[in-house]
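Engineer:
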Amino acid sequence: MSVEMQRAVVRAMMAQKVLVTRQILEELKDVEKLDGYYRQYVVGESQSVVGVVGGGVGEKQVVTPVLSESSRVEVVWEYVDEPKKWVIQDFVSLFNERVRVLGKMLQSRGELQNLTAISRLSGRAHNDTVSVIGLVTDKQLTKNDNFMFKVEDASGGVMKVVVTKSKPELYALAKDIVLDEVVGVCGVLGDNIIFANAFVFPDIPLATELKKAPVEEFAVVLSDVHVGSLLFLEEEFKGFLSWIRGESEDEVQREQARKTKYVFVVGDLVDGVGIYPSQERELAIKDIYQQYDRAAQLLSQIPSDKIIIISPGNHDAVRLAEPQPKLPLSVCKPLWDLPNVVMVTNPAVVRIGVLKDFPGFDVLLYHGYSYDYYGDVVDSIRSSGRNISERTDLVMRFLLQKRHLAPSHASTLYVPNPKQDPLIITYVPDIFLSGHVHRVAVNKYKGVLIVVGSCFQAKTGFQEKVGHEPTPCQVPLIGLHDRQVRILNFAKQVVVPIEEKN
Ligand code: D5M
Ligand code: ZN
Ligand code: FE
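This is how it looks when you write it as structure tokens:
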């Protein structure tokens, strides 16, 4: 058994372009070390943390780049799995950790006067102005149409917070507050209740400088390719492949294709198998291995000087619970074998475009499984006048304000890691990329460029039923030198400029 495991590790390391040294071969003879290597390289659990710089809020964890020297992509943050049996207490610990980390961010803002632990509020006089930081555990509309929240803080204390209609601005903020988010509340103390005067959200700081690459370079955003679906738009996808190979008839586009250095695939590369009931009736390729084989054949046509960064989505062959691990080598070997592919987790933060005198761009990738929920429950987004599939960029702005990719327990499935809440947006990215909703979107928030890829899948029966309006075959092309986003349209083979919405 262990010989087979050793062989598998060596094969996997070679496929991942890791130099198999004599020392590693020695270590593989040790059963425990072999197990570690096996899990890291064969199973695809990322355990490649080589060092942690700092470790506090806002500081960066440095991990080894997946493709070392030849690559200009650094993985700044990705999820390191800790295989264990989860217990109920882990969920409690995860929420405590969330309050601790986001609480620290809120404290550092200095906007909360007389910040007090809820357990100590009993010693304070009524009518005192107090502030607390905690997790929103309940939200109700009273019969007088006031909002009543329950907030639980790190001391374990629970406090009611009321927001009356008489404060329309605060009331509007209260409408958008979702369960399980962490907020700062400032208000006047009553009898076991705070009459709120202000809310403070973790939010991201305003960027002091909008980075622009010193050389003309581009990145393209693919998501939701759905290879294997009967509705996969293969001819149109081949149109994209032909474009990126520089075969466009238009000289400007040939030049843009040549200068495109990064191809992001933000989840749902394949349609998957068994993702929803009776899916097999809608599959052209019914085998998951063959779906990834086909995906690899297609992506292999992208010139190898362009780095393809792949993170998984809810249709891919990984668990649904987030963070999702990298696409597994065991199922997606042909993709891992491509020399220019970097596999990352969902979510992940990668750095691209680093030059000698330029720090590069930090790119946050998150497929967007939680977005359907927020597009529906957040009042200002639901009532924005936009169709459900046009709300993604608003959701992404909202989540940047909350500093969390899926604050509400009900919005996604997640791993209850008791030691860290990996869906907290710890690192403020330069660029925030998503997919999932099958409709392109471009926006910005406090200097963060928000870009959503579309899909290469025709409108599904489900989407028709619920009124989704996908925009298949549109590919955002991000100019790293000018921060402009062009939309390449492979449905019609024309380039349509799109205006950023504010
Ligand atoms: O999801 C594509 C889009 O369609 C995304 O906004 C979710 C939505 N969708 C698709 N199927 C369902 C079901 N069964 N329930 C709710 N929402 C759904 P994709 O991840 O590509 O399937
Ligand atoms: Zn999809
Ligand atoms: Fe999806």
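Each residue of the sequence shown is one higher than the one before, starting from 996 at the first, in the numbering used here.
No residue lacks a Cβ here, since even glycine has one placed at the ideal position from N, Cα and C.
Keep in mind it's a predicted model, so treat the numbers as computed, not measured.
Please report the residue range of the beta strand (DSSP E) in which cysteine 1181 lies.
Structural biologist: Translated into positions along the sequence shown, residue 1181 becomes position 186. Its beta strand (DSSP E) spans residues 1177-1184.
Engineer: Short of 6 Å in beta carbon distance, which residues of its chain neighbour glutamate 1464, apart from the five on each side in sequence? Order them along the chain.
Structural biologist: Here residue 1464 is taken as the residue at index 469 of the sequence shown, counted from 1. Only Asn1382 and Ser1384 meet the Cβ criterion.
Engineer: So is the beta-carbon of aspartate 1371 under 8 Å away from any non-hydrogen atom of ligand 2?
Structural biologist: Taking the sequence shown and counting its residues from 1, one reaches residue 1371 at position 376. Aspartate 1371 Cβ: outside cutoff for every heavy atom of ligand 2.
Engineer: What I want to know is whether the C-beta of glutamine 1286 ends up closer than 8 Å to one or more non-hydrogen atoms of ligand 2.
Structural biologist: Within the sequence shown, residue 1286 is the residue found at index 291, counting from 1. Every heavy atom of ligand 2 is 8 Å or more from the Cβ of glutamine 1286, so no.
Engineer: With DSSP collapsed to three states, give me the class of asparagine 1091.
Structural biologist: Residue mapping note: residue 1091 aligns to position 96 of the sequence shown, counting from 1. Here asparagine 1091 sits in helix by DSSP.
Engineer: Under 9 Å, do asparagine 1192 and methionine 1154 count as touching if we go by C-beta distance?
Structural biologist: Taking the sequence shown and counting its residues from 1, the one referred to as residue 1192 is at position 197. Taking the sequence shown and counting its residues from 1, the one referred to as residue 1154 is at position 159. Cβ distance not < 9 Å, so asparagine 1192 and methionine 1154 don't count as in contact.
Engineer: Consider the C-beta atom of valine 1461 and the heavy atoms of ligand 1; say whether any pair is separated by less than 8 Å.
Structural biologist: Taking the first residue of the sequence shown as position 1, residue 1461 is located at position 466. Yes - ligand 1 has a heavy atom lying nearer than 8 Å to the Cβ of valine 1461.
Engineer: Identify, in the order they occur along the chain, each residue of the same chain with its Cβ nearer than 7 Å to the Cβ of isoleucine 1297, setting aside the five sequence neighbours on each side.
Structural biologist: The residue you call residue 1297 lines up with position 302 of the sequence shown. Closer than 7 Å at Cβ, skipping near neighbours: Leu1236, Ile1239, Val1258 and Ile1303.
Engineer: Which class does lysine 1233 belong to by DSSP, given the choice of helix, strand or coil?
Structural biologist: As a first step, residue 1233 must be located in the sequence shown, where it is residue number 238. Looking at lysine 1233 - three-state DSSP - the assignment turns out to be helix.
Engineer: Count the other CB atoms within 10 Å of the CB of tyrosine 1366; is the residue buried (16 or more) or exposed (fewer)?
Structural biologist: Counting from one through the sequence shown, the residue named residue 1366 turns up at place 371. Per the 10 Å Cβ criterion, buried.
Engineer: Is cysteine 1468 near ligand 2, in the sense that its beta carbon is under 8 Å from a heavy atom of that ligand?
Structural biologist: Looking up residue 1468 in the sequence shown gives position 473. No, Cβ of cysteine 1468 sits at least 8 Å from all heavy atoms of ligand 2.
Engineer: Can you tell me whether histidine 1399 sits near ligand 2, meaning its C-beta is under 8 Å from at least one heavy atom of the ligand?
Structural biologist: The residue labelled residue 1399 in the question sits at position 404 within the sequence shown. Histidine 1399 Cβ: outside cutoff for every heavy atom of ligand 2.
Engineer: Please state whether DSSP places glutamate 1459 in a helix, a strand or coil.
Structural biologist: Here the question's residue 1459 lines up with position 464 in the sequence shown. Glutamate 1459: helix per DSSP, three-state reduction.
Engineer: Let me check understanding here. Comparing Cα to Cα, which of Val1183, Asp1388 and Phe1485 lies closest to asparagine 1438?
Structural biologist: Numbered from 1 along the sequence shown, position 443 holds the residue referred to as residue 1438. When only C-alpha atoms are compared, the closest one is Asp1388.
Engineer: Check each residue's C-beta against every heavy atom of ligand 2 and list, in chain order, those closer than 5 Å.
Structural biologist: Those residues, listed in chain order, are Asp1219 and Asp1263.
Engineer: Where proline 1443 and threonine 1407 are concerned, what is the direct C-alpha to C-alpha distance, given to the nearest angstrom?
Structural biologist: Your numbering for residue 1443 matches position 448 in the sequence shown. Your numbering for residue 1407 matches position 412 in the sequence shown. Correcting the residue identity first, residue 1443 is valine in this sequence and not proline. The straight-line gap from Cα to Cα measures roughly 24 Å.
Engineer: With three or more C-beta pairs closer than 8 Å as the rule, is the region 1196-1207 touching the region 1451-1468?
Structural biologist: No contact exists between the region 1451-1468 and the region 1196-1207.
Engineer: Would valine 1070 pass as a contact of valine 1337 if the rule is Cβ separation under 9 Å?
Structural biologist: Reading the sequence shown from its first residue, position 75 is the one you call residue 1070. Reading the sequence shown from its first residue, position 342 is the one you call residue 1337. Yes, the Cβ-Cβ distance between valine 1070 and valine 1337 is below 9 Å.
Engineer: Quick one: grab the DSSP three-state call for proline 1272.
Structural biologist: Taking the sequence shown and counting its residues from 1, the one referred to as residue 1272 is at position 277. Note: proline 1272 maps to coil in three-state DSSP.
Engineer: So, leucine 1322 versus alanine 1312, is the Cβ gap smaller than 9 Å?
Structural biologist: For the purposes of this step, residue 1322 is identified with residue 327 of the sequence shown, where counting begins at 1. For the purposes of this step, residue 1312 is identified with residue 317 of the sequence shown, where counting begins at 1. In contact: leucine 1322 and alanine 1312 (Cβ atoms closer than 9 Å).
Engineer: Of all the options Ala1112, Lys1079, Glu1147 and Leu1264, which has the alpha carbon lying nearest to the alpha carbon of valine 1087?
Structural biologist: Position 92 of the sequence shown, counted from the start, is the residue given in the question as residue 1087. Among Ala1112, Lys1079, Glu1147 and Leu1264, the Cα nearest to that of valine 1087 belongs to Glu1147.
Engineer: Measuring alpha carbon to alpha carbon, tell me which residue in Gly1462, Pro1471 and Pro1467 is nearest valine 1447.
Structural biologist: The residue given as residue 1447 occupies position 452 in the sequence shown. Of the candidates Gly1462, Pro1471 and Pro1467, the one whose C-alpha sits nearest the C-alpha of valine 1447 is Pro1471.
Engineer: Please tell me whether, using a cut-off of 8 Å, the distance from the CB of histidine 1431 to the nearest non-hydrogen atom of ligand 3 is below it.
Structural biologist: Looking up residue 1431 in the sequence shown gives position 436. Result yes, Cβ under 8 Å from ligand 3.
Engineer: Considering only their Cβ atoms, is the gap separating aspartate 1076 from valine 1131 smaller than 9 Å?
Structural biologist: To locate residue 1131, count along the sequence shown from 1; it is residue 136. To locate residue 1076, count along the sequence shown from 1; it is residue 81. Cβ atoms of valine 1131 and aspartate 1076: not closer than 9 Å.
Engineer: Would you kindly check if the distance between the Cβ of alanine 1149 and the Cβ of valine 1094 is under 9 Å?
Structural biologist: Sequence index remark: in the sequence shown, residue 1094 carries index 99 (1-based). Sequence index remark: in the sequence shown, residue 1149 carries index 154 (1-based). Against a cut-off of 9 Å, the Cβ pair of alanine 1149 and valine 1094 comes out as a contact.
Engineer: Since proline 1471 is in the beta strand (DSSP E), which residue starts that stretch and which ends it?
Structural biologist: Counting from one through the sequence shown, the residue named residue 1471 turns up at place 476. From DSSP, the beta strand (DSSP E) with proline 1471 extends over 1469-1474.
Engineer: Along the beta strand (DSSP E) that carries tyrosine 1166, what are the first and last residues, could you check?
Structural biologist: Here residue 1166 refers to the residue found at position 171 when the sequence shown is read from its first residue. First-last for tyrosine 1166: 1163-1171, but that is the alpha helix (DSSP H), not the beta strand (DSSP E).
Engineer: Between which two residues does the beta strand (DSSP E) carrying lysine 1155 extend?
Structural biologist: Taking the first residue of the sequence shown as position 1, residue 1155 is located at position 160. From DSSP, the beta strand (DSSP E) with lysine 1155 extends over 1153-1158.
Engineer: Considering only the alpha carbon of each residue, which of Asp1288, Thr1255 and Ala1252 lies closest to glycine 1267?
Structural biologist: Position 272 of the sequence shown, counting from 1, holds the residue named residue 1267. The shortest Cα separation from glycine 1267 among Asp1288, Thr1255 and Ala1252 belongs to Asp1288.
Engineer: Excluding the five sequence neighbours on either side, which residues of its own chain have a C-beta within less than 8 Å of the C-beta of glutamate 1022, listed in chain order?
Structural biologist: Taking the first residue of the sequence shown as 1, we reach residue 1022 at position 27. Result list for glutamate 1022: Lys1028, Leu1029 and Tyr1032, in chain order.
Engineer: Per DSSP, which one or two residues make a beta bridge with glutamine 1084?
Structural biologist: For the purposes of this step, residue 1084 is identified with residue 89 of the sequence shown, where counting begins at 1. DSSP output for glutamine 1084 lists no bridge partner at all.
Engineer: State the beta-bridge partners of tyrosine 1409 as determined by DSSP.
Structural biologist: Translated into the one-based positions of the sequence shown, residue 1409 becomes position 414. Beta-bridge pairing links tyrosine 1409 to Glu1317.
Engineer: In terms of residue numbering, what span does the alpha helix (DSSP H) encompassing phenylalanine 1190 cover?
Structural biologist: Your numbering for residue 1190 matches position 195 in the sequence shown. Not the alpha helix (DSSP H): phenylalanine 1190 falls in the beta strand (DSSP E), residues 1188-1195.
Engineer: Just to check, is the beta-carbon of isoleucine 1270 closer than 8 Å to a non-hydrogen atom of ligand 1?
Structural biologist: For the purposes of this step, residue 1270 is taken as residue 275 along the sequence shown, with counting starting at 1. Yes.
Engineer: With DSSP run on the structure shown, which of helix, strand or coil describes threonine 1466?
Structural biologist: Translated into positions along the sequence shown, residue 1466 becomes position 471. Threonine 1466: coil per DSSP, three-state reduction.
Engineer: For tyrosine 1166, collect the residues of the same chain with a Cβ closer than 8 Å to its Cβ; drop the 5 residues on either side in sequence, then sort them by chain order.
Structural biologist: As a first step, residue 1166 is located in the sequence shown; it is residue number 171 there, counting from the start. Phe1142, Val1158, Thr1159 and Lys1160.
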